[in-house]
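To start, the structure itself, in structure tokens.
There are 2 protein chains.
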Amino acid sequence: METQNKLTPDMWVTEKHKDSTAMSFRLKQVLFSEQSPFQHVCVVETEALGKLLLNDGMTMVSEADEFVYHEMIAHVPLFAHPDPKRVLVIGGGDAGTAREVLRHKNIEKCTMVEIDEAVVRACREHIPSVSCALVDPRLSVIIDDGVKYVAQTQEKFDVILIDSTDPIGPAQPLFGEDFYKNIASCLAPGGIVVSQAESVFHGKELQESLLKILRKIFKHLYLYNYSNLTYPGGLWSFSFASQNTTPFPKELIKKIHNSHFSFRYYNPNIHYGSFALPNFQWEQFQGLLDTPAFLPSI
Amino acid sequence: METQNKLTPDMWVTEKHKDSTAMSFRLKQVLFSEQSPFQHVCVVETEALGKLLLNDGMTMVSEADEFVYHEMIAHVPLFAHPDPKRVLVIGGGDAGTAREVLRHKNIEKCTMVEIDEAVVRACREHIPSVSCALVDPRLSVIIDDGVKYVAQTQEKFDVILIDSTDPIGPAQPLFGEDFYKNIASCLAPGGIVVSQAESVFHGKELQESLLKILRKIFKHLYLYNYSNLTYPGGLWSFSFASQNTTPFPKELIKKIHNSHFSFRYYNPNIHYGSFALPNFQWEQFQGLLDTPAFLPSI
Chain A
1 METQNKLTPD MWVTEKHKDS TAMSFRLKQV LFSEQSPFQH VCVVETEALG
51 KLLLNDGMTM VSEADEFVYH EMIAHVPLFA HPDPKRVLVI GGGDAGTARE
101 VLRHKNIEKC TMVEIDEAVV RACREHIPSV SCALVDPRLS VIIDDGVKYV
151 AQTQEKFDVI LIDSTDPIGP AQPLFGEDFY KNIASCLAPG GIVVSQAESV
201 FHGKELQESL LKILRKIFKH LYLYNYSNLT YPGGLWSFSF ASQNTTPFPK
251 ELIKKIHNSH FSFRYYNPNI HYGSFALPNF QWEQFQGLLD TPAFLPSI
Chain B
299 METQNKLTPD MWVTEKHKDS TAMSFRLKQV LFSEQSPFQH VCVVETEALG
349 KLLLNDGMTM VSEADEFVYH EMIAHVPLFA HPDPKRVLVI GGGDAGTARE
399 VLRHKNIEKC TMVEIDEAVV RACREHIPSV SCALVDPRLS VIIDDGVKYV
449 AQTQEKFDVI LIDSTDPIGP AQPLFGEDFY KNIASCLAPG GIVVSQAESV
499 FHGKELQESL LKILRKIFKH LYLYNYSNLT YPGGLWSFSF ASQNTTPFPK
549 ELIKKIHNSH FSFRYYNPNI HYGSFALPNF QWEQFQGLLD TPAFLPSI
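As you go down the protein sequences, you meet chains A and B in turn. Heads up: the first sequence at position 289 corresponds to 289 in the numbering used here, and the numbers run straight through without jumps. Just remember that the numbering used here sits 298 ahead of the position in the second sequence, which is counted from 1.
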């Protein structure tokens, strides 16, 4: 074994942030590597975190902690909404968000609009623990531009989840005002849109830009945070916007209890606690958010 | 400038975790590097995070986010305690914890017992934004073994903060049962001990070992979490133990308001929200902790 180790190349996959910080993971093997029309799509197996999906070299999903992101993007709005039946996912080609959405028995249809079929194919073939929902008959996968889709569709949705990469490359328009005006038109009464809202420590300007757009369009606006092993800075946010639904529903505990879900990250304390913003974030955004200075109790 | 950049070596400081993940920060310069009798002590200036203190190559403090750790180790117990006057810090030679403690006007004396004078000297000389409390007349710095100190002292403290490195090298006994028996003897009535309690994602066994020891000795036991830019895994914990004080005091908001402190991370929502544990952590430790399934309101 020792001899074999000596012969094994010392392979690492490294994601640099602003060329001044970097995170590296020791590689076991590269499972998928393809330049799609939109981005470079790659699945690797690592020593520490299982398989990773990397789009343009940025880690999107790690098997070790994808449950945090996917539980938090899906369950916070789905338990906040009084009766969600139709869900739209923009992006999210790995299908981890759809997997969590479809655990809710009352969901009749989940539409996933992913621009890059290579992402769906890579995850279907190599990360089944995340992509398993692709076979669910309630899931409709549309390979198309989400921006175009929301501008054209006549369908209405109870919950829309913007499961995007960073606003570089194909995801850039997903951080724009026109996109969110169309999203608002696609929401059924009581509808909620939750968006991947970047890094708390490193993404302050991106967060502000997104919140200013959402503030113009939606009556209720909140941020909530979650922890991540592979995204730079560790603490990241989702935005929560709606015309008439808040994230603090009556009977949350009962609803969660009745779901009989087994969660790995989410629970009632985390639901409320994730809206507790670090003071620098709260001070920067309190004029834009409806987050109260003192969060309500469960 | 371009020519100069081309001549500048591409220097990074890298901390590996279990030889399978790594975090790297681009270096501007090395300010201090010395092998003390206990560990290698190093202060570097980085491109992204300001100055870092590294003990045995592990990042202890970064100027960019030290406020998170130091506010959370100090203010959670100091606002939970009804009337803290005497504080003991074990470790914490960078003096960032003492800095936050001494913001509380009612603190009469803060005793800091640091085993390694090289840490204090490195931070005094090179990280004044953190070590500034070293000149406070209410601070007593003792260069000695904290384990020996708590076994011998006759003093009693209202709050004891175990501001330790990982349980490798000099900090190892700070995770042991004998140490915490002595800590319990050093606490005045109503006293609280808060300890650096390792990584949520990567330190599950260490957390369990520490909590089992604390559970044997203290009547009230909790964990609370905070986010960190430079510690592996991003989400880390403190333990909170006491014979008769809980972390959820009456009039918390009034006490915080009356302090007139300007916080960067801590606030009343964060105080409560930090006790919301990810479900995997809650399920692992609920038998050991007094954290309620549904956190009380502020």
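Don't be surprised by glycine CBs; every beta carbon is placed ideally from N, CA and C.
Residue i at chain B interface by Cβ criterion, 8 angstroms
| i | result |
| --- | --- |
| SER209 (chain A) | no |
| ILE256 (chain A) | no |
| LYS105 (chain A) | no |
| MET23 (chain A) | yes |
| ALA98 (chain A) | no |
| ASP158 (chain A) | no |
| PHE201 (chain A) | yes |
| LEU206 (chain A) | no |
| MET280 (chain A) | A small fix is needed here, since residue 280 (chain A) is Phe in this sequence, not Met. Yes, its Cβ sits closer than 8 angstroms to a Cβ of chain B. |
| ILE73 (chain A) | no |
| ARG121 (chain A) | no |
| MET11 (chain A) | no |
| LEU78 (chain A) | no |
| LEU277 (chain A) | yes |
| ARG138 (chain A) | no |
Neighbouring residues, chain B, relative to residue i (Cβ below 9 angstroms)
| i | result |
| --- | --- |
| GLY57 (chain A) | In chain order: nothing, as chain B lies at least about 15 angstroms away. |
Residue i to residue j span [Cα, whole Å]
| i | j | result |
| --- | --- | --- |
| VAL130 (chain A) | GLU198 (chain A) | 21 angstroms |
| ASN244 (chain A) | SER164 (chain A) | 24 angstroms |
| MET410 (chain B) | ILE441 (chain B) | 8 angstroms |
| VAL498 (chain B) | ASN279 (chain A) | 22 angstroms |
| VAL76 (chain A) | MET370 (chain B) | 26 angstroms |
| ILE596 (chain B) | LEU295 (chain A) | 8 angstroms |
| PHE377 (chain B) | LEU223 (chain A) | 26 angstroms |
| GLN152 (chain A) | GLU117 (chain A) | 20 angstroms |
| ILE83 (chain A) | ILE192 (chain A) | Looking at the sequence itself, residue 83 (chain A) is Asp, so the reference to Ile does not match. Cα to Cα, the separation comes out at about 11 angstroms. |
| VAL61 (chain A) | LEU53 (chain A) | 5 angstroms |
| ASP19 (chain A) | SER36 (chain A) | 25 angstroms |
| ASP65 (chain A) | SER483 (chain B) | 40 angstroms |
| GLY273 (chain A) | ILE568 (chain B) | 8 angstroms |
| LEU519 (chain B) | TRP310 (chain B) | 40 angstroms |
| THR528 (chain B) | MET321 (chain B) | 8 angstroms |
| ILE107 (chain A) | ASP166 (chain A) | 28 angstroms |
| ALA486 (chain B) | GLU453 (chain B) | 9 angstroms |
| SER195 (chain A) | GLY467 (chain B) | 44 angstroms |
| SER560 (chain B) | ARG401 (chain B) | 10 angstroms |
Distance between beta carbons of residue j and residue i, contact taken as under 8 angstroms
| i | j | result |
| --- | --- | --- |
| ILE554 (chain B) | PRO545 (chain B) | That belief does not hold up - the Cβ atoms of ILE554 (chain B) and PRO545 (chain B) are roughly 14 angstroms apart, past 8 angstroms. |
| LYS326 (chain B) | GLU343 (chain B) | 4 angstroms |
| PHE455 (chain B) | ARG384 (chain B) | 5 angstroms |
| VAL399 (chain B) | ALA372 (chain B) | 5 angstroms |
| VAL341 (chain B) | ILE460 (chain B) | That belief does not hold up - the Cβ atoms of VAL341 (chain B) and ILE460 (chain B) are roughly 23 angstroms apart, past 8 angstroms. |
| HIS500 (chain B) | HIS315 (chain B) | 7 angstroms |
Below-8 angstroms beta-carbon distance, residue i vs any chain A residue
| i | result |
| --- | --- |
| ARG562 (chain B) | yes |
| GLY348 (chain B) | no |
| TYR570 (chain B) | yes |
| GLN302 (chain B) | Here GLN302 (chain B) scores only 48 on pLDDT, less than 50, and its place in the model should not be relied on; the value that follows carries that caveat. So no, GLN302 (chain B) is outside the interface. |
| HIS363 (chain B) | The amino acid occupying residue 363 (chain B) in the given sequence is Asp; His does not appear at that position. With 8 angstroms as the cut-off, ASP363 (chain B) counts as an interface residue toward chain A. |
| ALA486 (chain B) | no |
| ILE551 (chain B) | yes |
| LEU459 (chain B) | no |
| ARG513 (chain B) | no |
| ARG422 (chain B) | no |
| MET299 (chain B) | At MET299 (chain B) the pLDDT is 43, less than 50, meaning the model places this residue with poor confidence; the figure from the coordinates comes in the next sentence. No, its Cβ sits nowhere closer than 8 angstroms to a Cβ of chain A. |
Neighbouring residues, chain B, relative to residue i (Cβ below 8 angstroms)
| i | result |
| --- | --- |
| GLY324 (chain A) | It is not possible to answer for residue 324 (chain A), since the shown part of chain A is limited to 1 through 298. |
Listed by chain order, chain B residues near residue i by CB distance under 7 angstroms
| i | result |
| --- | --- |
| GLU47 (chain A) | SER318 |
| ARG86 (chain A) | Under the 7 angstroms cutoff, chain B gives no residues; its nearest Cβ is about 27 angstroms from ARG86 (chain A). |
Closer than 7 angstroms: residue i CB and nearest the ligand GDP heavy atom
| i | result |
| --- | --- |
| PRO167 (chain A) | Looking for the ligand GDP in the displayed structure turns up nothing, as the structure carries no ligands at all. |
Neighbouring residues, chain A, relative to residue i (Cβ below 9 angstroms)
| i | result |
| --- | --- |
| LEU593 (chain B) | PRO268, ASN269, TYR272, GLY273, SER297, ILE298 |
Any 3 or more C-beta pairs closer than 8 angstroms across the region 216-223 of chain A and the region 501-511 of chain B | no
Any chance the region 467-475 of chain B sits against the region 431-440 of chain B, with 3 or more Cβ pairs inside 8 angstroms?
-> no
Touching or not, the region 278-294 of chain A and the region 577-590 of chain B, by the rule of three or more beta carbon pairs under 8 angstroms?
-> no
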